[in-house]
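Q: Note that our numbering gives residue 243 to position 128 of the sequence shown, counting from 1, and the numbers run on in steps of one. The C-beta atom is built at its ideal place from N, Cα and C for all residues, glycine as well. All of these numbers come straight from a predicted model, not from anything done at the bench.
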Amino acid sequence: MAVHNKNHFDGIYSHSDLNVDLKKTSAYSPLFDLLDLRGSLYQINGRIHDKTSIFRQDPSPEVDRAWDHISAEGKEIILVPGSAVSKSQKETNISVKAPTSWGGGENLYIAQIDVFHQIHCLNELRKEIWFDYYYGDNQDLSKTSNSSFRRSHLDHKSHCIHMLLQTLMCHADVDIITHNWVHYNDINQPSRPYAEPFADFNMIKKCRNFDHLLSWVEEHAVRDLAKKWHDLRMPEGATLVQDDGYF
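#1: Using only alpha-carbon positions, find the residue among Y249, H184 and V230 that is nearest to S144.
#2: What residues in its chain sit with their C-beta under 7 Å from that of E239, if we drop five residues either side in the sequence?
#3: Looking only at C-alpha atoms, which of A199, E191, S263 and Y248 sits nearest to I234?
#4: Among the candidates L150, L146, N160 and A142, whose CA atom is the shortest distance from the CA of G320?
#5: Classify V195 as helix, strand or coil using the three-state DSSP reduction.
#6: Using DSSP with H/G/I as helix, E/B as strand and the rest coil, what is I319?
#7: Locate the beta strand (DSSP E) running through S203, then write down its first and last residues.
#8: Where does K138 fall in DSSP's three states?
#9: From K166 to D173, what does the alpha carbon distance come to, in whole angstroms?
#10: Just to check my reading of the structure: L194 and L150 have Cβ atoms closer than 8 Å, yes? What is that Cβ distance to the nearest angstrom?
#11: Could you name the residues that DSSP lists as bridge partners for E311?
#12: Within this structure, are the beta carbons of A310 and V297 separated by less than 8 Å?
#13: Using DSSP bridges, identify the partner residues of Q227.
#14: Looking at the secondary structure, which residues open and close the beta strand (DSSP E) in which S168 lies?
#15: Buried or exposed, going by whether 16 or more other CB atoms sit within 10 Å of the CB of N134?
#16: Nearest to I292 by CA position, among S131, T215 and D315, is which residue?
#17: Report the rounded CA-to-CA distance for L279 versus R241, giving the unit in angstroms.
#18: Going by DSSP, which residues form a beta bridge with S257?
#19: Assuming L329 contacts I185 under a Cβ cut-off of 8 Å, what Cβ separation, rounded to an integer in Å, is found between them?
#20: Is it true that the CB of Q158 sits closer than 8 Å to the CB of N317?
#21: Counting only the same chain and skipping the five closest in sequence on each side, list residues whose C-beta sits under 8 Å from that of Q227.
#22: Among the candidates D255, H327, Y249 and P214, whose CA atom is the shortest distance from the CA of V178?
#23: Count the other CB atoms within 10 Å of the CB of N120; is the residue buried (16 or more) or exposed (fewer)?
#24: Which residues in the same chain as A98 place their Cβ atom closer than 8 Å to its Cβ, once the five residues preceding and following it in sequence are excluded?
What follows is the structure in structure tokens.
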């Protein structure tokens, strides 16, 4: 029988019977009890020269808005109860508690959903491909600069690469990639004229319901985040953590 408990997520109801199979192969997340993330089959677009997706197009304000949208930029912070922090194997005594002025009640903690940080990191690497467009006017970030800004910039990108690497290795996707005979105008071998075996990256994958997740975050994210974050101050008695595990 499903258990429907009103939790601390601003009056949202949790459903313990949701995502049962996903829970078996995942670390704890309170989101599994809040929305249906069950997967469906989806064909990945693996074409090398296909730029029909806005996420592959040359940089522009429209492209930036698309990337900001799927990374929940400015809407990435949600509030979770202390029980969710503990079940995530984190400590409530050092986690940042949201001020009651943010709304939602007592004992709520600041949190992000990992996939949106991952997409943020991927976006940072995309920007590096278009370095002149995004950073060309900043002399401190020029490739010949030895400034602290340049070093911090590279550390950020390296952090993103390492985070994505660890995530990919953690999930260890084992879908197979088949190969097809592909026609090439610039290849002419006697044994196989104008053809070469080429990996078919247009795989069929079972994907979680990302659109549902993004819609949920947009609805339940902390509002006016930039101002609230700017005004956030460490309260008296809060535990200060040393930065050796962060920088």
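A: With the given structure in hand:
#1: Selected option, being the one with the closest Cα: V230.
#2: So the qualifying residues of the chain are H271, K272 and C275.
#3: Closest option to I234, Cα to Cα, is E191.
#4: Reading off the sequence shown, one finds Lys at residue 320, where the question assumed Gly. The shortest C-alpha separation from K320 is found at N160.
#5: In this structure, V195 counts as strand in the three-state DSSP scheme.
#6: When DSSP states are grouped into helix, strand and coil, I319 belongs to the strand group.
#7: Premise fails: S203 is in no beta strand (DSSP E) and is neither H nor E.
#8: Assignment of K138 by DSSP, reduced to helix, strand and coil, places it in the helix class.
#9: Their backbone Cα atoms lie some 9 Å apart in a straight line.
#10: With a Cβ gap of about 16 Å, L194 and L150 do not count as contacting.
#11: Paired residues: V297.
#12: Contact: yes.
#13: Assignment of beta-bridge partners to Q227 by DSSP yields I192.
#14: No beta strand (DSSP E) contains S168, which DSSP labels as neither H nor E.
#15: Classified as buried, N134 has 16 or more neighbouring CB atoms from the shown chains inside 10 Å of its CB.
#16: The shortest C-alpha to C-alpha distance from I292 to any of S131, T215 and D315 is the one to D315.
#17: Cα to Cα, L279 sits roughly 13 Å from R241.
#18: In the DSSP assignment, no residue is bridged to S257.
#19: Going by Cβ atoms, the distance from L329 to I185 rounds to 7 Å, so yes, they are a contact pair.
#20: If you check the CB distance, N317 and Q158 come in under 8 Å.
#21: Apart from the 5 residues on each side of it in sequence, Q227 sits with its Cβ closer than 8 Å to the Cβ of E191, I192 and I193 in its chain, given in chain order.
#22: Nearest neighbour of V178 by Cα position, chosen from D255, H327, Y249 and P214, turns out to be Y249.
#23: Confidence at N120 is low in this model, with a pLDDT of 34, below 50, so the placement of that residue should be treated as unreliable; the coordinate-derived value is given next. Exposed: under 16 other Cβ atoms inside 10 Å.
#24: The chain is shown only over 116 to 362; residue 98 falls outside these bounds and no answer can be derived.
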